[in-house]
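With my numbering applied, the sequence shown corresponds to residues 1 to 208, in that order.
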Amino acid sequence: MKSKGLFIVFEGVDGCGKSTQAVKLAKFLEDSTGRKVIKTAEPYNLRELILGRKDLSKMSELLLFLADRAEHVEKIIKPNLEAGNFVICERYEDSTRAYQTGGHGVDSFIVEHLINDCCFPLPDVKILLDLSPEIAFERVKARNNQNDKFEAEGLELIKKVSDYYRNFLAGFIRIFCDNLNEDEVFQRIITGLFLSAGAGYSNGRYSS
Ligand code: TMP
Numbered sequence: 001m002k003s004k005g006l007f008i009v010f011e012g013v014d015g016c017g018k019s020t021q022a023v024k025l026a027k028f029l030e031d032s033t034g035r036k037v038i039k040t041a042e043p044y045n046l047r048e049l050i051l052g053r054k055d056l057s058k059m060s061e062l063l064l065f066l067a068d069r070a071e072h073v074e075k076i077i078k079p080n081l082e083a084g085n086f087v088i089c090e091r092y093e094d095s096t097r098a099y100q101t102g103g104h105g106v107d108s109f110i111v112e113h114l115i116n117d118c119c120f121p122l123p124d125v126k127i128l129l130d131l132s133p134e135i136a137f138e139r140v141k142a143r144n145n146q147n148d149k150f151e152a153e154g155l156e157l158i159k160k161v162s163d164y165y166r167n168f169l170a171g172f173i174r175i176f177c178d179n180l181n182e183d184e185v186f187q188r189i190i191t192g193l194f195l196s197a198g199a200g201y202s203n204g205r206y207s208s
């Protein structure tokens with residue numbers, strides 16, 4: 001029987017270091033398992049449309065993120081998991097919960113309902129890079145990305161999103177990053193993965 005892949009998701013506020021850690025983890029898994037590792041991110045295909053339009057209603061924004069995910073799941077995530085590859089994804093369903101409900105105030109019942117109705121594959125492992133909003137905001141300011149309307153909303157949005165991740169979402173390997181350098185964060189991710197696999201977190205899907 002063909003083995004299934006492993007689906008790992010990174011979550012956290014803008015500026016928390018997801019991209020850096022996703023690259024490191026992809027390399028580590030490739031080197032240590034020999035399996036094919038796909039590194040991907042959301043928003044996937046509709047990035048310019050969603051992030052560039054400041055006039056979108058909150059509801060259309062939510063629906064566009066879900067439409068974007070449908071493309072992403074169909075074209076990248078599902079085929080690779082079915083082929084037995086590892087998929088590392090920056091942002092997934094918890095970003096929709098944290099940003100659209102926590103950040104933009106869309107009713108959590110509606111968000112949950114729509115997410116559940118989509119029946120997208122669930123991650124095997126979710127890693128939350130928990131960084132204080134003030135530190136995250138300094139990093140976001142430094143990169144000065146004019147094309148991202150979320151980053152332009154500044155510290156206020158980051159605080160709301162961070163609060164939502166911390167208080168309303170669960171099931172993560174959670175790394176508190178404030179006083180750690182890149183390598184220390186990575187070490188904790190590896191330890192977290194090791195412990196969660198041992199605890200059956202990945203539901204046996206790690207083995208081929
Ligand atoms: P990025 O900066 O990580 O590339 O993500 C772009 C922005 O999109 C980020 O500020 C978070 C936001 N976002 C949502 O609001 N909802 C979602 O479902 C996703 C995937 C991203």
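Yeah, the Cβ is synthetic: ideal placement off N, Cα and C, and Gly gets one too.
Only a predicted model underlies this, so the values are computations on that prediction, with no experimental measurement involved.
Distance cut-off 7 Å: residue i Cβ against heavy atoms of the ligand TMP
i, result
"Asp55", "no"
"Tyr99", "yes"
"Ala273", "No answer is possible for residue 273: the residues shown for the chain start at 1 and end at 208."
"Thr20", "no"
"Pro43", "yes"
"Leu51", "yes"
"Arg91", "yes"
"Phe65", "yes"
"Asp117", "no"
Contact check, residue i vs residue j, beta carbons under 8 Å
i, j, result
"Thr96", "Phe65", "yes"
"Glu90", "Arg69", "no"
"Lys54", "Lys149", "yes"
"Lys160", "Gly103", "yes"
"Ala22", "Phe7", "no"
"Pro121", "Lys78", "yes"
"Leu25", "Ile76", "no"
"Cys16", "Cys118", "no"
"Phe86", "Gly5", "yes"
"Val106", "Leu62", "yes"
"Leu51", "Ala67", "no"
"Lys18", "Leu129", "yes"
"Glu235", "Val37", "There is simply no residue 235 to check, as the chain begins at 1 and stops at 208 in what is shown."
"Tyr164", "Gly12", "no"
"Pro133", "Leu155", "yes"
The alpha helix (DSSP H) enclosing residue i, as first and last residue numbers
i, result
"Lys160", "Gly154 to Phe168"
"Ala67", "Lys58 to His72"
"Ala22", "Lys18 to Thr33"
Three-state class that DSSP yields for residue i in the structure shown
i, result
"Asp117", "helix"
"Leu131", "coil"
"Leu6", "strand"
"Val106", "coil"
"Arg53", "coil"
"Ala83", "coil"
"Asn179", "coil"
"Val214", "Beyond the ends of the chain as shown, which are 1 and 208, falls residue 214; an answer cannot be given."
Classification of residue i by the beta-carbon crowding that lies within 10 angstroms, buried from 16 upward
i, result
"Arg174", "buried"
"Gln146", "exposed"
"Ala98", "buried"
"Glu82", "exposed"
"His72", "buried"
"Gln187", "exposed"
"Asp14", "buried"
"Phe194", "exposed"
"Phe172", "buried"
"Glu93", "buried"
"Ser32", "exposed"
Residue i, enclosing beta strand (DSSP E) - first and last residue
i, result
"Glu90", "Phe86 to Glu90"
"Thr40", "Val37 to Ala41"
Proximity test, residue i beta-carbon vs the ligand MG heavy atom, cut-off 7 Å
i, result
"Pro133", "Absence of the ligand MG from the depicted structure is noted, with the ligand TMP being the only ligands included."
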